[in-house]
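Below: the structure, in structure tokens.
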Amino acid sequence: MLAERGADYSDPRIIDRDDDSDSDADAMYDAADLLGVRVDASPDEVRAAFRRCVKAALATDIGFHDHGGDDTDPRAQRLIAAKNLLIERAREEQAHAA
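The numbering used here applies: residue 17 is where the sequence shown begins, and numbers increase by one.
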């Protein structure tokens, strides 16, 4: 997992997932590790963790930016992808529970 590897922001599994369910589960756990939340975190918990991670990255690296577009820092892309993946999962679970 990413936490065990020192939060490798360049891990392609966060963004480049295939249709294999094991790979999807791995991506989900890696995304949670990257943001420092549980896999079953609520969307609000995921967003708060995302903001903390971005603030930490901004505090340590003046070149980090997450405004979107082609020139977005790869670390920001990984954080954004992790946030989106976990929020999507939470919404799907809420929809199935209803």
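Every residue, glycine too, gets a C-beta built ideally from N, C-alpha and C. Owing to the predicted nature of the structure, the values given are computational and were not obtained by experimental measurement.
- Annotation: the continuous alpha helix (DSSP H) that includes Ala-97 extends over 90-113.
- For Ala-65, the uninterrupted alpha helix (DSSP H) segment begins and ends at 59-76.
- The C-beta distance from Arg-94 to Leu-50 rounds to 7 Å, short enough to meet the 8 Å contact threshold.
- Here Asp-56 carries a coil assignment [DSSP, helix/strand/coil].
- A Cβ-Cβ distance of about 11 Å is found for the pair Tyr-45 and Val-53, leaving them out of contact under the 8 Å criterion.
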